[in-house]
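Heads up: the sequence shown begins at 0 in numbering that gives the first Met the number 0, then just goes up one per residue. Backbone N, C-alpha and C fix where the C-beta goes; we use that ideal spot for every residue, glycine too. Presented below is the structure to which this report refers.
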Amino acid sequence: MPSLWMLFASFAFAAMGAGVKLASEFYSTSELLMYRGLIGTVMLMLMVRHQGGTFKTPFPKAHIWRSVVGVTSLWLWFFAITRLPLATAVTLNYMAPIWIAAWMFAMGWWIGTKHAEWPLVLAIGMSFVGVILVLQPAVESQQWLGGMAGVCSSVISAMAYMQVRRLGQTGEPEYRVVFYFSLTTTLTGLAGTLLGDGPKDALFHAHTPYSAALLLGIGFSALLAQMAMTRAYRVGKVLVVANLQYTGIVFSSLWGLALWGDTFDWHVWLGIGIILASGIAATFYNTQKTARGAVQEKTDPIASET
């Protein structure tokens, strides 16, 4: 069952990405961010109130920092999805574990005996080869801005991931972390829209039954994915579950093929495969107790989207 929960979460996150790309024909990136956060905020508020929970926190500054970092990453990822093939944008976002591994290796090397973990060095180095292969078509077709946004999103996502881990260490419940992230997402999207990232002749784009359904699908699929992923990490083995999240790349490829007829040259598929393999290797090292500053074994899944 933990594996099935993780597979469902990966499928739902890929579906959310497909929904964002489809909805980008009707809304700006900031509007998509706002509606994504609004749906999650309302649903979580109702669920927590029904269960008697509280949103009062003794760590407001930590929540603000985590939310700002996470929302920045999410905005860049949404922007990348609107500019790149879905599988490409999702693959770049899944580089976050590689950046975490790079950071932990650098810190461990600095404070330790300066002995290189060569398998980890190889995984990190090969991931950059994969990025070059994946981004080659984007650069050739003048989509380099979307490519850079995807890479930056993964870097900032790694920062958000580590911040969520620190909040988890303080004993903050997962629903509270997600709630403040969703609330910040809503407010940031609203601010971006008011500042000009919206329609030229109106405050917001008008809704149609189809576009409204896409927005609801984005919000519901994202929330269901987070809940399923949390469940998978709670009852499953961390290493197995963490590696299964990379099936999101496969699901995104299938969504892109079915909805947009996305096809790639062999070097793009090779790049995706290299990034996938490097991510699995980095995840393995992130969840092992090594002598040089490995990440904690228990993984908090909340930051996976950001």
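Would you kindly check if the distance between the Cβ of residue j and the Cβ of residue i is under 8 Å?
{"i": "residue 319", "j": "residue 248", "result": "Since the first residue of the chain shown is 0 and the last is 305, residue 319 is not available in this structure."}
{"i": "residue 307", "j": "residue 15", "result": "This structure cannot speak to residue 307, because the chain is shown only from 0 to 305."}
{"i": "residue 52", "j": "residue 174", "result": "yes"}
{"i": "residue 23", "j": "residue 192", "result": "no"}
{"i": "residue 231", "j": "residue 4", "result": "yes"}
{"i": "residue 106", "j": "residue 274", "result": "no"}
{"i": "residue 78", "j": "residue 145", "result": "yes"}
{"i": "residue 154", "j": "residue 163", "result": "no"}
{"i": "residue 178", "j": "residue 40", "result": "yes"}
By Cβ distance below 6 Å, which residues in the same chain neighbour residue i in space, the five residues on each side in sequence not counted?
{"i": "residue 122", "result": "277, 280 and 281"}
{"i": "residue 76", "result": "92 and 152"}
{"i": "residue 125", "result": "273 and 277"}
{"i": "residue 149", "result": "79, 88 and 91"}
{"i": "residue 12", "result": "224 and 247"}
{"i": "residue 0", "result": "none"}
{"i": "residue 46", "result": "none"}
{"i": "residue 187", "result": "70"}
Whose C-beta lies closer than 7 Å to the C-beta of residue i among residues of the same chain, with five residues either side of it excluded?
{"i": "residue 10", "result": "250"}
{"i": "residue 7", "result": "227"}
{"i": "residue 394", "result": "An answer regarding residue 394 cannot be provided, because it is not within the stretch 0 to 305 covered by the chain."}
{"i": "residue 42", "result": "222"}
{"i": "residue 245", "result": "93, 275, 278 and 279"}
{"i": "residue 257", "result": "none"}
{"i": "residue 96", "result": "278, 281, 282 and 285"}
If I'm right that residue i touches residue j with Cβ under 8 Å, what's the distance once you round it to whole angstroms?
{"i": "residue 133", "j": "residue 80", "result": "About 14 Å separates the two Cβ atoms, so there is no contact after all."}
{"i": "residue 166", "j": "residue 58", "result": "7 Å"}
{"i": "residue 67", "j": "residue 185", "result": "That pair is no contact at about 13 Å."}
{"i": "residue 62", "j": "residue 56", "result": "6 Å"}
{"i": "residue 195", "j": "residue 203", "result": "12 Å between Cβ atoms; not a contact."}
{"i": "residue 243", "j": "residue 27", "result": "The Cβ separation is near 33 Å, so there is no contact."}
Please return the same chain residues whose Cβ sits closer than 8 Å to the Cβ of residue i, not counting the five positions on each side in sequence.
{"i": "residue 261", "result": "84, 85, 86, 252 and 255"}
{"i": "residue 217", "result": "15, 18, 19, 22, 31, 34, 35 and 38"}
{"i": "residue 213", "result": "18, 21, 22 and 25"}
{"i": "residue 264", "result": "136"}
{"i": "residue 207", "result": "25"}
{"i": "residue 267", "result": "87, 132, 133, 135 and 136"}
{"i": "residue 307", "result": "Since the first residue shown for the chain is 0 and the last is 305, residue 307 is missing from the structure and cannot be characterised."}
{"i": "residue 120", "result": "104"}
{"i": "residue 236", "result": "1"}
Practice task
Pick out the complete alpha helix (DSSP H) segments inside the region 165-246, 4 residues or longer, and give them in chain order.
Solution key: 173-193, 208-234 and 237-243
Problem - Minimum length 4: unbroken alpha helix (DSSP H) runs contained in the region 7-95 - result: 28-50, 59-82 and 85-92
Practice task
Report the residue ranges of all alpha helix (DSSP H) runs contained in full by the region 121-148; include only those spanning at least 4 residues, in chain order.
Solution key: none
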